[in-house]
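Using my numbering, you'd call the opening residue of the sequence shown number 12 and step up by one each time.
Using N, Cα and C, we set each Cβ at its ideal position, and we do this for glycine too.
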Amino acid sequence: MEIRDTLTALRRGETLPQAAFVTLAKGLANGDVSDAQAGAFAMAALLQGLGGEGRAFLTEAMRDSGDVLSWDLPGPVLDKHSTGGIGDCVSLVLAPALAACGAFVPMISGRGLGHTGGTLDKLEAIPGLSTDADQDRLRHLTQKIGCAIVGASQRIAPADKRLYAVRDVTGTVESLDLITASILSKKLAAGLDALVLDVKVGSGAFMQQIGDARALASSLVETAKRAGCPTRALITDMNAPLVPAMGNALEIREVLEVLTGTAKETPLFKLTCALGGRLLHQGALATAPEDGAAQIAGAITSGAALERFGQMTTALGGPADFTERWADHLPQAPIQREVTAQADGVLGAFDGRALGEAVVHLGGGRLVETDRIDPAVGLSQIAPLGANIHAGDPLAVIHAASEDAAAQAETAVRNAIKLGDSAREPAPLILEDIA
Numbered sequence: 012m013e014i015r016d017t018l019t020a021l022r023r024g025e026t027l028p029q030a031a032f033v034t035l036a037k038g039l040a041n042g043d044v045s046d047a048q049a050g051a052f053a054m055a056a057l058l059q060g061l062g063g064e065g066r067a068f069l070t071e072a073m074r075d076s077g078d079v080l081s082w083d084l085p086g087p088v089l090d091k092h093s094t095g096g097i098g099d100c101v102s103l104v105l106a107p108a109l110a111a112c113g114a115f116v117p118m119i120s121g122r123g124l125g126h127t128g129g130t131l132d133k134l135e136a137i138p139g140l141s142t143d144a145d146q147d148r149l150r151h152l153t154q155k156i157g158c159a160i161v162g163a164s165q166r167i168a169p170a171d172k173r174l175y176a177v178r179d180v181t182g183t184v185e186s187l188d189l190i191t192a193s194i195l196s197k198k199l200a201a202g203l204d205a206l207v208l209d210v211k212v213g214s215g216a217f218m219q220q221i222g223d224a225r226a227l228a229s230s231l232v233e234t235a236k237r238a239g240c241p242t243r244a245l246i247t248d249m250n251a252p253l254v255p256a257m258g259n260a261l262e263i264r265e266v267l268e269v270l271t272g273t274a275k276e277t278p279l280f281k282l283t284c285a286l287g288g289r290l291l292h293q294g295a296l297a298t299a300p301e302d303g304a305a306q307i308a309g310a311i312t313s314g315a316a317l318e319r320f321g322q323m324t325t326a327l328g329g330p331a332d333f334t335e336r337w338a339d340h341l342p343q344a345p346i347q348r349e350v351t352a353q354a355d356g357v358l359g360a361f362d363g364r365a366l367g368e369a370v371v372h373l374g375g376g377r378l379v380e381t382d383r384i385d386p387a388v389g390l391s392q393i394a395p396l397g398a399n400i401h402a403g404d405p406l407a408v409i410h411a412a413s414e415d416a417a418a419q420a421e422t423a424v425r426n427a428i429k430l431g432d433s434a435r436e437p438a439p440l441i442l443e444d445i446a
């Protein structure tokens, strides 16, 4: 089908053949499809929907618009994707833990998006470390260490890169079909044997309602399976930061607290074990998800995951002694300001998006794509949900580059933390498991 015919058929709500999506994806990648046509496709997909089959056709076509990796390794190739949340640094613990359990993890990750932090930005808070890697380097690191967390090369799903930019300026970002195809085209291009998805829901996530999160999780799982990749999804609570810190270097500190065994049985530890357990089971490295979770826990508590993390960060340019002297190496903001409660109460809720935006405005994220990130800024020692708070008690510590930035952040933090008269029953960390 010609692109114009494809657009006309989609506008009418007709079912498109697979060849139409192949032509579209190739045209997006090589420039034969104009920006106007790409925008028209995105809007028609948003308004009419593609259906399950069309969604899978688009995902596979965008995956195949560039290179698709293949592997010959003595273990399964596994990966995880999160839809984004505040204080979410699971990937940095999970990838080395999986590697220590015999899996291989070529994790192609992204940078901060909106109010949520990005895995690559967090890693690059480590001095000297760069997540830029071509496919040869990704292969080498994955084979040698067992895990590599890097950015996508220009040759991975180029059609998605083009369509994503168009969606951002045409008001079509929220299309379920396009979200699904965007996430999976890049992940499936890595040549995975199995995938697990962490779909966040709550005030600190993109999905605010459980119904929306369930729809996305189901779409992702169904589409990945149609494309031949065993996949399951956990819907997890994101009404509070996963760790009590937000900001790139500050979250790396939380990661090292878990990997070194200083912080035990935290939400970060528990969620890492849950996701990793399901992946090991899917990859035939565990007899059941519970067995896999126990293996992940053992890899963390034994120090094996820390060793893999150190090998990976050193190979990416970080200090050779980072895992021994991480507290000395990580940058620190010149201004640290404690935010204290002005009244008694119970910490009943966070406005997670507002907290995330406060970190972005401190310089810990990007307001425009060209912004440079300050890795040292953010929030730490964030009080937990349900805590009994008295006037003068600390709510959080602001890490800022200037007094003015700290003052603005303090106002934002106070507005984002809601004190009440009584505590609500906290939601479980894992809300649903979709296989």
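| query | result |
| --- | --- |
| Beta-carbon spacing of L174, A53 below 8 Å | yes |
| Cβ neighbours of A360 in the same chain (closer than 6 Å, five flanking residues each side left out) | K429 |
| Burial state of H401 (16 or more Cβ within 10 Å) | exposed |
| Backbone secondary structure at T142 - three-state DSSP | coil |
| Counted within 10 angstroms of its Cβ, other Cβ atoms place V180 as buried (16 or more) or exposed | exposed |
| Beta-carbon contacts of L203 that lie in its chain and below 6 Å, excluding the five residues immediately before and after | V88, D90, C240 |
| 6 Å Cβ shell around A417 - same chain, five flanking residues per side excluded | I346, R348, I409, A411 |
| H340, DSSP secondary structure in three states | helix |
| Contact check, H126 vs R383, beta carbons under 8 Å | no |
| Cβ of A226 within 8 Å of any chain D Cβ | Judged by its chain identifiers, the structure shown contains no chain D, having just a single protein chain. |
| D145 classed as buried or exposed, judged by whether at least 16 other C-beta atoms fall within 10 angstroms | exposed |
| Proximity winner among V379, V184, I311, I263, relative to F3 (alpha-carbon distances) | Look at the range of the chain in this structure, 12 to 446, and you will see that residue 3 is not part of it. |
| For I346, three-class secondary structure by DSSP | strand |
| Continuous beta strand (DSSP E) assignments of at least 3 residues falling wholly in the region 314–388 | 346–351, 356–361 |
| The ligand SAM heavy atom lying under 7 Å from the CB of I137 | By its list of ligands, the structure shown contains no ligand whatsoever, and the ligand SAM lies outside what it can speak to. |
| Helix, strand or coil at P117 according to DSSP, with G and I counted as helix | strand |
| CB of S76 within 8 Å of CB of A40, strictly | yes |
| Reduced DSSP category for I456 - H, G, I as helix; E, B as strand; rest coil | Residue 456 is absent from the model: the chain starts at 12 and stops at 446. |
| Bridge partner(s) assigned by DSSP for E443 | I246 |
| Residues of its chain near Q392, where Cβ-Cβ distance is below 7 Å and the 5 sequence neighbours each way are ignored | P255, P405, A407, V408 |
| Delimiting residues of the beta strand (DSSP E) encompassing A407 | 405–411 |
| Per-residue DSSP class, three states only, for G287 | helix |
| Buried or exposed by the 16-neighbour rule on C-beta atoms within 10 Å, applied to T324 | buried |
| Beta bridge counterpart(s) of T127 as assigned by DSSP | L124 |
| When V370, L341, T381 are compared against L134, the one with the closest alpha-carbon | L341 |
| Cβ contact check for the region 114–130 and the region 226–233: 3 or more pairs under 8 Å | no |
| Under the three-state DSSP convention, the category G294 falls into | coil |
| For G303, the first and last residue of its enclosing beta strand (DSSP E) | Counting along the chain, G303 falls outside any beta strand (DSSP E), though it belongs to the alpha helix (DSSP H) covering 300–312. |
| Given 8 Å, three or more beta-carbon pairs between the region 41–49 and the region 158–178 | yes |
| Bridge-paired residues (DSSP) for I400 | G356 |
| Rounded separation between V116 and G24 - CA only | 39 Å |
| G62, DSSP secondary structure in three states | helix |
| First through last residue of the alpha helix (DSSP H) which encompasses I14 | 14–22 |
| Neighbour-count burial assignment, R336, 16 or more Cβ in a 10 Å radius | exposed |
| 8 Å contact criterion, which A201 and G157 should meet: CB distance rounded | Incorrect: roughly 14 Å between the Cβ atoms, too far for contact. |
| Limits of the unbroken beta strand (DSSP E) element including K211 | 205–212 |
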